[in-house]
Structure formats: structure tokens, C-alpha cells
Amino acid sequence: MGVAITALVAAMSLAHADALDDIKKAGKIRIAIDLGVPPYGMTDDKLQPTGLDVEAARLLAKDWGLEFEHVPTTGATRIPALQTGKADLVISSLSYTAERAKVIDFSLGYAVLRTVIAAPKSVSVKSLAELDGKTVGTVRGTTHDTQLTKEGPKGMKLVRYEDDATETQAFLSGQVDIFSTAEMMVPQIDKKNPARQVELKFVLDNFKLAVGVKKDEKRLLDEVNAWVAANLKNGRLNELNKKYFGDNLPDLILKQ
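Reminder that position 127 of the sequence shown reads as 127 in the numbering used here, one-by-one numbering, no gaps.
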């Protein structure tokens with residue numbers, strides 16, 4: 001009986017495809033990146049993918065000797081892309097939260113993201129409490145969506161958009177005045193329409209950005225963690241941060 005059970009367990013183990021082996025066999029790695037969140041993900045003047053996340057993804061693929069395949073995604077579809085097997089990894093301004101960690105695994109942090117509330121200069125809001133009675137835009141499935149849903153005042157009305165580009169257009173066209181976003185988006189939105197006089201009102205939170213890995217793919221997660229640790233140590237991830245943000249990575253990342 002014991003031998004039969006052991007054989008069954010071994011067979012079940014073999015039946016479970018190991019993601020790392022599958023990636024190596026394919027010779028390429030499919031990485032989901034949202035190109036609507038500059039400077040993490042965007043397109044250059046030739047409409048080619050670029051940004052901190054894109055460069056990090058290309059670097060990982062190169063270090064592993066694999067072809068890089070970009071999988072387009074949005075804030076709301078990043079995690080489903082992993083769960084449904086459309087992507088092997090997510091490197092897409094994806095911040096760690098305990099809620100997300102229930103459904104996917106996270107690597108060590110490779111960068112940071114500050115989420116904020118922004119609005120025109122003429123609008124006075126300094127805290128979550130002052131959003132009571134206000135309409136606030138957010139991007140579906142993001143950490144700021146989750147935070148506003150849980151911590152926002154009862155009288156606040158949340159309007160959810162599918163991606164940052166749609167939310168930005170809604171603000172620029174006057175559909176919404178107050179919105180949550182990543183800090184680095186605010187000056188870029190201001191450049192698109194200076195007449196709106198958008199500015200940062202207050203910080204919602206600081207988040208550690210990590211690589212998303214499908215749940216229970218331990219070998220793949222270990223490899224990603226080793227890659228992050230090595231590229232923090234050799235300074236290449238810090239150089240990417242300096243290139244796109246003009247500053248070194250904070251201790252939150254460097255002293256993990």
C-alpha cells in the first residue's frame with residue numbers, strides 16, 4: 001500500500017508542469033508589462049516598448065539566455081495573465097500587497113512606487129477624510145483602487161477606469177477632477193494639458209514593486225529572487241532607477 005501511494009505521488013508530481021522547465025524548453029520568457037504607466041512601461045518615438053519595467057524584463061531575459069516576449073496588459077489584467085498562463089512573469093509596476101499574495105507569489109522588490117491623490121490647483125484636498133462627498137477617479141485593480149475602496153470615506157464616489165491612459169483622458173477632458181495615480185504620472189499629465197494645473201495633493205502610500213510569479217512555482221520564484229538580488233548587488237537595477245527617476249533606489253529596496 002505504501003509503495004502504491006508513493007508511486008501515485010511521484011506520478012502526480014511529474015504531471016505537474018514546472019514553469020521554469022517549460023520556459024527553458026521554449027527558449028523564451030513571456031513577461032506581462034503595461035505600457036500605459038510611464039516611465040515604468042511606455043512606447044518610444046518609434047512606438048517600441050520601453051521604460052524601467054521593459055528594460056528590467058529584457059535584462060532578465062538576456063541574463064537567462066532567453067528570448068523576451070512582451071505580453072500587453074493593464075492594471076486589472078496583470079494577475080489574470082499569470083493565472084491563465086498567458087504570461088510567465090509580470091514586471092509591470094506591480095506592488096506587493098497581502099491580498100495579492102494570496103493568489104500569486106512575489107519576488108524581492110526591484111523598484112518602488114508612491115501612490116497619490118492629484119487634482120487641479122484650485123481643488124483643496126489634503127486627506128482621505130476630505131474626499132467625503134467627492135467623485136474620485138482610480139484605475140481598476142491597482143493598489144490605490146484597493147486602498148480607496150477600503151479606507152475612503154463613505155460619501156466618496158469612486159469611478160474606476162480600465163487603465164492609466166483612460167483615467168488620464170477622463171481628467172484632461174474634465175470628466176473627473178480628483179484622481180488617484182502613481183506619483184510619476186502627475187508631471188506627465190500636467191505636460192499634456194497645463195491649463196488643468198494638476199498637482200499632487202497628498203501621498204496615499206509607498207509600495208515595493210516586485211516581479212509577479214504564478215502561485216506555487218517555487219523553482220521559478222527562487223530563480224527570479226536570485227536574479228533580483230544579483231542585480232541589486234551589481235547595481236544594474238539601481239542604474240535603471242537613476243535613468244528613469246534621477247535618483248538611487250531607497251533603502252526599502254537596497255536593504256531587503
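All residues carry an ideal CB built from backbone N, CA and C; glycine is no exception.
Reduced DSSP secondary structure (H/G/I, E/B, other) of residue i
| i | result |
| --- | --- |
| ARG177 | Before going further, note that residue 177 is Asp rather than Arg in the sequence given. ASP177: coil per DSSP, three-state reduction. |
| TYR96 | coil |
| ASN206 | strand |
| ILE91 | coil |
| ASP163 | coil |
| ALA170 | helix |
| LYS126 | coil |
| ASP21 | helix |
| ASP216 | coil |
| PRO49 | strand |
| ARG140 | coil |
Exposure label - residue i; buried when at least 16 CB within 10 Å
| i | result |
| --- | --- |
| LYS134 | buried |
| VAL37 | buried |
| GLY2 | Residue placement at GLY2 is poorly supported in this model, since its pLDDT is 49, which falls under 50; the coordinates still yield a value, given next. Classification of GLY2: exposed, given that the 10 Å Cβ count is below 16. |
| LYS154 | exposed |
| PHE202 | exposed |
| THR168 | buried |
Beta-carbon spacing of residue i, residue j below 9 Å
| i | j | result |
| --- | --- | --- |
| GLY108 | ALA19 | Note on identity: in this sequence residue 108 is Leu, with Gly being the wrong assignment. Not closer than 9 Å, so no. |
| GLY75 | ARG140 | yes |
Proximal residues to residue i (C-beta, below 7 Å), its chain only, five neighbours per side dropped
| i | result |
| --- | --- |
| HIS70 | ILE31, ILE33, PRO49 |
| THR43 | LEU35, PRO49, THR50 |
Residues of its chain near residue i, where Cβ-Cβ distance is below 8 Å and the 5 sequence neighbours each way are ignored
| i | result |
| --- | --- |
| TYR161 | GLY137, THR138, VAL139, ARG140, GLU167, ALA170 |
Spatial neighbours of residue i in its chain, beta-carbon cut-off 6 Å, leaving aside the 5 residues before and after
| i | result |
| --- | --- |
| ASN193 | LEU172 |
*asked:* Give the list of continuous alpha helix (DSSP H) stretches no shorter than 4 residues that lie fully inside the region 96-121.
replied: none
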